[in-house]
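Just so you know, this note's numbering puts 93 at position 93 of the sequence shown, and the rest follows in order with no gaps.
Cβ coordinates follow ideal geometry from the N, Cα and C atoms, glycine included.
Notes follow once the structure below has been shown.
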Amino acid sequence: MALEECKKQAEEYLSNWRRERADFINYKKDESRRMEEFLKFSTEGIIMELIDVIDGIGVARNNLPDRQGGLPDSKELKEWTDGFDSSLDKIDKFLEKFGVEKIKIKGEKFNPLLHEAVEVQDKDGENIVEIRPGYMMHGKVIRPARVKIIK
1 MALEECKKQA EEYLSNWRRE RADFINYKKD ESRRMEEFLK FSTEGIIMEL
51 IDVIDGIGVA RNNLPDRQGG LPDSKELKEW TDGFDSSLDK IDKFLEKFGV
101 EKIKIKGEKF NPLLHEAVEV QDKDGENIVE IRPGYMMHGK VIRPARVKII
151 K
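Next comes the structure, spelled out in C-alpha cells:
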C-alpha cells in the first residue's frame, strides 16, 4: 500500500511540476511580448518632441518670402527652400526607422480615429484639407491630423 501511495504522490508532484513549468514558459513568452511592446513605444515621448520641431521647421519653410509673395524667385531663396525640404525629408526617413509615418490626407474621407476636425466649410464635394499633419507609430495614432472638412 505504501508503494501505491508513493507512486500516486510522485505522479501528483510530476503533474504539478509540468503545470508549473508550462505556466513559467507562458509567463516568459508574455514578458517577452510586453518587453517588445515597451521597447517599440519607449521612444514615443522623444518622437513627439521631434514632431513639434518638425512643425516649427515646416512653419519656417512655409513663411519664406516667396511663399508670401514678397520677393521674386532668387537663387538664394531656392537654396533655402531646398535646404528646408531636404532636412524635412531626412527627418521623415529617420522617423520611418522608428515605425513613425504621417497620416495620409490626400484623397481620404474624414475619419475621427485619424483626424481632428478644426473647421467645417459647406461647399460642393466632401474633402478634407490638412491643417497640421498627424502621425502614427507602429499602427497606433500618436497625434491625429488636424483637418478642415469641406462639405
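| query | result |
| --- | --- |
| Leaving out five residues on either side along the sequence, give the residues of the same chain with a beta carbon under 7 Å from the beta carbon of Ile131. | Val118, Arg146, Val147 and Lys148 |
| Taking only the alpha-carbon atoms, compute the straight-line gap between Asp175 and Ile150 and give it to the nearest angstrom. | Absent from the model: residue 175. The displayed extent of the chain is 1 to 151, so no value can be given. |
| Measure how close the beta-carbons of Leu114 and Gly134 come, nearest whole angstrom, since I'm counting them as under 8 Å. | 6 Å |
| Using the rule of at least 16 other Cβ atoms within 10 Å of the residue's Cβ for burial, across every protein chain shown, is Ile57 buried or exposed? | exposed |
| Please identify the residue among Lys75, Phe84, Glu44 and Lys8 whose C-alpha is closest to the C-alpha of Asn63. | Phe84 |
| From the DSSP output, in three-state form, read off Ile103 for me. | coil |
| Checking 9 Å against the spacing of the C-beta atoms, do Val129 and Ile105 come in under that value? | yes |
| With three or more C-beta pairs closer than 8 Å as the rule, is the region 31–49 touching the region 135–143? | yes |
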